[in-house]
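Residue numbers (the numbering used here): 2 to 237. Glycine is no exception: its CB is placed at the ideal position from the N, C-alpha and C atoms. Okay, structure first, notes after.
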Ligand code: ADP
Ligand code: CDP
């Protein structure tokens with residue numbers, strides 16, 4: 002593997018050029034942040050945990066017909082991906098109410114959404130990732146209305162696949178955030194899908210097994226991440 006110049010260093014991952022112009026090398030670091038970077042720590046093994054889980058989930062999504070940027074793992078914290086032109090949107094799918102939807106609207110925590118709710122946020126830390134609607138997405142030139150429909154349909158497919166998978170290992174997929182990017186004429190699923198970007202509850206208990214353990218100091222976050230990871234890898 003040739004790891005080239007750093008293209009971008011975000012809150013939890015470092016993106017480097019590779020020897021191929023259309024491929025990037027993503028390193029998952031041990032950094033964990035919450036509340037727009039207001040809370041920060043380093044947790045040993047967190048990068049490997051999230052990288053492994055992301056790679057696994059991209060794999061089952063590809064098997065189900067969802068196209069992703071994932072190429073292969075180079076080592077336990079390093080992923081080779083297709084270089085995307087990222088669309089600055091956070092596409093969030095919610096099966097149950099938690100987090101911002103409970104803070105902003107009169108839903109009680111745990112309320113079931115049937116059908117699931119899809120929310121789009123504009124990815125811009127300086128603006129605190131405000132919620133964005135379809136017309137603003139089009140006005141900003143990010144996607145056409147037709148592309149928005151395709152992205153939302155893809156996000157719902159991701160939800161169906163992941164929800165069924167987690168159900169099989171005793172976890173409830175409460176919500177998750179994904180990002181998409183352009184690759185030539187296609188739009189692919191990019192970034193990561195990990196305990197940092199999903200809410201997972203122990204089935205039947207609402208016990209957090211994700212970044213909420215860190216956000217709200219609910220216990221040992223690495224123990225939760227390791228448990229999820231072990232159950233995922235024990236499932237195959
Ligand atoms: P943040 O930008 O939120 O601090 P990260 O530390 O996770 O987050 O940084 C990863 C960055 O890489 C994100 O901005 C994400 O949009 C971007 N990214 C993810 N996958 C790809 C890809 N395949 N091609 C280009 N950029 C990507
Ligand atoms: O964290 P908060 O309650 O503010 O956000 P949310 O809108 O309730 O988050 C919904 C889901 O998206 C959760 O699983 C978050 O972990 C995830 N998310 C993320 O991964 N990155 C963000 N910038 C915002 C949300």
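Given residue i as reference, the closest of the options once Cα atoms are compared
| i | options | result |
| --- | --- | --- |
| residue 227 | 211, 116, 237, 216 | 211 |
| residue 33 | 88, 230, 216, 120 | 216 |
| residue 45 | 221, 233, 236 | 221 |
| residue 128 | 7, 37, 18 | 37 |
| residue 182 | 30, 124, 208, 167 | 124 |
| residue 116 | 96, 130, 109, 101 | 96 |
| residue 63 | 111, 219, 155 | 155 |
| residue 145 | 126, 88, 100, 167 | 88 |
| residue 77 | 167, 28, 12, 166 | 28 |
| residue 189 | 79, 60, 43, 83 | 83 |
| residue 12 | 3, 21, 39 | 39 |
| residue 31 | 43, 4, 148, 218 | 43 |
Residue(s) in a DSSP beta bridge with residue i
| i | result |
| --- | --- |
| residue 35 | 40 |
| residue 167 | Answer is none; residue 167 lacks a bridge partner. |
| residue 73 | 81 |
| residue 97 | 113 |
| residue 188 | 183 |
| residue 10 | 15 |
| residue 243 | Nothing about residue 243 can be read from this structure; the chain reaches only from 2 to 237. |
| residue 24 | 83 |
| residue 174 | 201 |
| residue 29 | 14 |
| residue 47 | Note: residue 47 sits in no beta bridge, so no partner. |
| residue 196 | Bridge partners of residue 196: none, in fact. |
Proximity test, residue i beta-carbon vs ligand 1 heavy atom, cut-off 8 Å
| i | result |
| --- | --- |
| residue 25 | yes |
| residue 83 | yes |
| residue 302 | The structure shown has nothing for residue 302, since the chain only spans 2 to 237. |
| residue 156 | no |
| residue 191 | yes |
| residue 205 | no |
| residue 13 | yes |
| residue 10 | yes |
| residue 182 | yes |
Residue i Cβ short of 8 Å to ligand 2 heavy atom set
| i | result |
| --- | --- |
| residue 153 | no |
| residue 1 | This structure cannot speak to residue 1, because the chain is shown only from 2 to 237. |
| residue 100 | yes |
| residue 175 | yes |
| residue 72 | no |
| residue 87 | no |
| residue 19 | no |
| residue 93 | yes |
CB-CB length for residue i against residue j, believed under 8 Å
| i | j | result |
| --- | --- | --- |
| residue 65 | residue 175 | At roughly 20 Å, the Cβ-Cβ gap does not stay under 8 Å, so residue 65 and residue 175 are not in contact. |
| residue 173 | residue 51 | About 19 Å; that fails the 8 Å criterion. |
| residue 122 | residue 90 | 7 Å |
| residue 153 | residue 120 | Their Cβ separation, rounded to whole angstroms, is 10 Å, which puts residue 153 and residue 120 out of contact at 8 Å. |
| residue 93 | residue 178 | 5 Å |
| residue 203 | residue 235 | Actually they are not in contact, since the Cβ atoms of residue 203 and residue 235 sit about 16 Å apart, beyond 8 Å. |
| residue 111 | residue 230 | Not confirmed; about 25 Å, so no contact. |
| residue 18 | residue 6 | 5 Å |
| residue 166 | residue 61 | 6 Å |
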